[in-house]
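Participant: Quick one: the structure is below, and I'll ask about it shortly.
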Amino acid sequence: MTAPPTAVRAALSAPETLARCRDLVRPALTEAVGRLHPWVAEMAAYSFGWCEVGGAPAAAPGGKGVRQALAVLGAEAAGAEGGAGIPAAVAVELVHAFSLLHDDIMDGDATRRRRPAVWKAYGTGPAVLAGDALFALAVGTLAAAPQGAEAVRLLSAALADLVRGQADDLLFAARPCTGPERVAPEEYRAMAEGKTGALLGCAAALGAALGGAPEATVTTLDRAGRHLGIAFQLVDDVLGIWGDPAVTGKPVGGDLRQGKKTFPVLVALGSPAARRLPALLGSPGRAEEAAVLIEEAGGRTAALAEARAHTAAARALLADAPLAAGAAEELHRLLDLLVHRIL
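Residue numbers (the numbering used here): 962 to 1304.
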């Protein structure tokens, strides 16, 4: 397998990698969204930060494009040109957008990236419709790609895990805080792998598959992405309680006011030092008090240690895989950017 210039050049920094991959994928992503019904395409463009309500061009903050970068790097790690991973990058970006549109509705989150969420800007029904359209467009994009049948199979498996993880996350809210029915940390890990890790793993695996990687390499990249997803979710949990709103774009303590059973909360609930915590969760005026109690009970420390363990597992998998050197280094740097925000 001959590595192209993209794979053997000096590896870029993580922000440069993200920018390079976004620039590579953007024309195909724009073209795909343009095939939708004009109203639905506007909602999709709004969700990506490309326009305002009504369609006026905008430069609103969008996502970093992590999943599309993983798809491009997966193809390059297999020794192919990054362009081989573009259909995978477009598909996973569309699926990610679809999941965010529906997640915001399910969670009742009124803002996304410091703007009204799509369901707030356009209405709940239209937002559901836009999400469905993005999902269908993602499948169609992959089906038209080389090795389309295998690519759709990989995406379908990831989507099944994503739905399972989201279902568990919603059900956790009704589980008690104490006693034998409370949510265990291992259940949380399984939820995070499905809800967050499945699509990250799928992105890298799809890119590698379209780049001609052997099945073992595709599987390894999927597993590494799933560990990355768990670590990413754990870091998000910590930021959701103790993060700076100016950086995260979310109100501090929002997860606590909603009573969400994030990993730091679950660890604290298992400690005798946090007997008062159940009474504080979901109480709008007591989020700060709950945050102090969770930290004193070891929730923050445990979540960061768990994130480091999954980061190390992802690194070990990448190190053992036969990946093109430049792309492999960029994957490692991207991992650092995502999970070392507070580690």
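Glycine included, C-beta positions come from ideal geometry on N, C-alpha and C.
In terms of alpha-carbon separation, which member of Val1079, Ala1050, Ala1071, Ile1255 lies closest to Ala1235?
Facilitator: Residue mapping note: residue 1235 aligns to position 274 of the sequence shown, counting from 1. The residue with the shortest Cα to Cα distance from Ala1235 is Ile1255.
Participant: Measuring alpha carbon to alpha carbon, tell me which residue in Arg1075, Val1051, Gly1246, Leu1031 is nearest Glu1013.
Facilitator: In the sequence shown, counting from the first residue as 1, residue 1013 sits at position 52. Cα-wise, what sits closest to Glu1013 is Arg1075.
Participant: Heavy atom of the ligand MN less than 8 Å from the Cβ of Leu1296, yes or no?
Facilitator: Because no ligand of any kind appears in the structure shown, any question about the ligand MN cannot be addressed here.
Participant: On the three-pair Cβ rule with 8 Å, is the segment 1237-1253 touching the segment 1159-1168?
Facilitator: Short answer: they don't touch.
Participant: Counting C-beta neighbours from all protein chains within 10 Å, is the total for Leu1279 16 or more, i.e. buried, or is it exposed?
Facilitator: Here residue 1279 refers to the residue found at position 318 when the sequence shown is read from its first residue. Burial call: buried.
Participant: Start and end of the alpha helix (DSSP H) containing Arg1236?
Facilitator: Walking along the sequence shown from the start, residue 1236 turns up at place 275. Segment: none, Arg1236 is in no alpha helix (DSSP H) and carries neither H nor E.
Participant: Counting C-beta neighbours from all protein chains within 10 Å, is the total for Arg1184 16 or more, i.e. buried, or is it exposed?
Facilitator: Counting from 1 along the sequence shown, the entry for residue 1184 is found at position 223. Buried, since its Cβ has 16 or more Cβ neighbours within 10 Å.
Participant: Note the first and the last residue of the continuous alpha helix (DSSP H) segment covering Glu1154.
Facilitator: Along the sequence shown, read from residue 1 onward, the residue named residue 1154 stands at position 193. Where Glu1154 is concerned, there is no enclosing alpha helix (DSSP H), given that its DSSP letter is neither H nor E.
Participant: Do Ala1153 and Gly1190 have their beta-carbon atoms positioned less than 9 Å apart in this structure?
Facilitator: For this step, residue 1190 is matched to residue 229 along the sequence shown. For this step, residue 1153 is matched to residue 192 along the sequence shown. It is a contact, given that the beta carbons lie within the stated cut-off.
Participant: Over what stretch of residues does the alpha helix (DSSP H) that includes Phe1009 continue unbroken?
Facilitator: Taking the sequence shown and counting its residues from 1, the one referred to as residue 1009 is at position 48. Counting along the chain, Phe1009 falls outside any alpha helix (DSSP H), and DSSP gives it neither H nor E.
Participant: Just to confirm my understanding: we take Ala1002, look at its own chain, exclude 5 residues before and 5 after, and list those with CB closer than 7 Å. What are they?
Facilitator: For the purposes of this step, residue 1002 is identified with residue 41 of the sequence shown, where counting begins at 1. Same-chain partners within the cutoff: Val994, Gly995.
Participant: Would you mind giving the Cβ-Cβ distance between Ala1021 and Gly1010, rounded to the nearest angstrom? I have them listed as a contact below 8 Å.
Facilitator: Reading the sequence shown from its first residue, position 60 is the one you call residue 1021. Reading the sequence shown from its first residue, position 49 is the one you call residue 1010. Indeed, because the Cβ distance is near 4 Å, the residues count as touching under 8 Å.
Participant: Kindly confirm or deny that the segment 1163-1174 and the segment 1110-1120 touch, where touching means at least three C-beta pairs closer than 8 Å.
Facilitator: yes
Participant: Residues in the same chain with beta-carbon distance under 8 Å from Asp1093, minus the five sequence neighbours each way, listed in chain order, please.
Facilitator: Mapped onto the sequence shown, residue 1093 falls at position 132. By the criterion of a C-beta distance shorter than 8 Å, Asp1093 is surrounded in its chain by Phe1059, once the five residues flanking it on both sides are discounted.
Participant: DSSP three-state call for Arg996: helix, strand or coil?
Facilitator: The residue given as residue 996 occupies position 35 in the sequence shown. DSSP places Arg996 in coil when its eight states are reduced to three.
Participant: Around the Cβ of Glu977, are there at least 16 other Cβ atoms within 10 angstroms (buried) or fewer (exposed)?
Facilitator: Along the sequence shown, one-based indexing puts residue 977 at 16. Looking at its Cβ environment, which holds fewer than 16 other Cβ atoms inside 10 Å, Glu977 is exposed.
Participant: Tell me whether Thr1139 sits in a helix, a strand or coil according to DSSP, three-state version.
Facilitator: The residue you call residue 1139 lines up with position 178 of the sequence shown. In this structure, Thr1139 counts as coil in the three-state DSSP scheme.
Participant: Can you name, in chain order, every residue of its own chain whose Cβ lies under 6 Å from the Cβ of Ala1099, other than the five neighbours on each side?
Facilitator: On the sequence shown, residue 1099 is found 138 positions in, with the first residue counted as 1. Hits under 6 Å: Ala1052, Leu1055, Val1056.
Participant: Report yes or no: do the segment 1024-1040 and the segment 1283-1296 share at least 3 C-beta pairs separated by less than 8 Å?
Facilitator: yes
Participant: From Leu1182 to Gly1084, what distance separates their C-alpha atoms?
Facilitator: Residue numbering aside, residue 1182 sits at position 221 when the sequence shown is read from its first letter. Residue numbering aside, residue 1084 sits at position 123 when the sequence shown is read from its first letter. Distance between the alpha carbons of Leu1182 and Gly1084 is about 38 Å.
Participant: Rounded to the nearest angstrom, what separates Gly1186 and Gly1243 at their Cα positions?
Facilitator: In the sequence shown, the residue the question calls residue 1186 occupies position 225. In the sequence shown, the residue the question calls residue 1243 occupies position 282. When rounded, the distance between both Cα atoms is 32 Å.
Participant: Going straight from the alpha carbon of Ala1128 to that of Gly1023, what length do you get?
Facilitator: As a working mapping, residue 1128 is identified with position 167 in the sequence shown. As a working mapping, residue 1023 is identified with position 62 in the sequence shown. Their backbone Cα atoms lie some 26 Å apart in a straight line.
Participant: Rounding to the nearest angstrom, what Cα-Cα distance links Arg1073 and Asp1065 in this structure?
Facilitator: Here residue 1073 refers to the residue found at position 112 when the sequence shown is read from its first residue. Here residue 1065 refers to the residue found at position 104 when the sequence shown is read from its first residue. Roughly 8 Å between the two C-alpha positions.
Participant: Which residue from Gln1219, Ala989, Val986, Phe1193 puts its Cα closest to that of Gly1246?
Facilitator: Locating residue 1246 in the sequence shown gives position 285, counting from the first residue. Of Gln1219, Ala989, Val986, Phe1193, the residue nearest in Cα terms is Gln1219.
Participant: Under the rule that 16 or more other beta-carbon atoms within 10 Å means buried, what is Met1067, buried or exposed?
Facilitator: Position 106 of the sequence shown, counted from the start, is the residue given in the question as residue 1067. The residue in question, Met1067, is exposed, as its Cβ has fewer than 16 Cβ neighbours within 10 Å.
Participant: Quick one: what's got a C-beta closer than 6 Å to Leu979's C-beta in the same chain, skipping five residues either side?
Facilitator: Here residue 979 refers to the residue found at position 18 when the sequence shown is read from its first residue. Excluding sequence neighbours, Leu979 sits near Lys1025, Gly1026, Ala1030.
Participant: Quick one: what's got a C-beta closer than 7 Å to Thr963's C-beta in the same chain, skipping five residues either side?
Facilitator: Locating residue 963 in the sequence shown gives position 2, where the first residue counts as 1. Bear in mind that the predicted position of Thr963 carries a pLDDT of just 34, short of 50, making it too unreliable to give a figure here.
Participant: Do you know offhand how far Ala1266's Cα is from Pro999's?
Facilitator: In the sequence shown, the residue the question calls residue 1266 occupies position 305. In the sequence shown, the residue the question calls residue 999 occupies position 38. If I take the Cα positions, the gap works out to 47 Å.
Participant: Determine the direct distance from the alpha carbon of Pro1018 to that of Glu1176, and round the result to whole angstroms.
Facilitator: Position 215 of the sequence shown, counted from the first residue, corresponds to residue 1176. Position 57 of the sequence shown, counted from the first residue, corresponds to residue 1018. The straight-line gap from Cα to Cα measures roughly 42 Å.
Participant: Put Pro988 into one of helix, strand or coil per three-state DSSP.
Facilitator: Along the sequence shown, one-based indexing puts residue 988 at 27. Correct three-state label for Pro988: helix.
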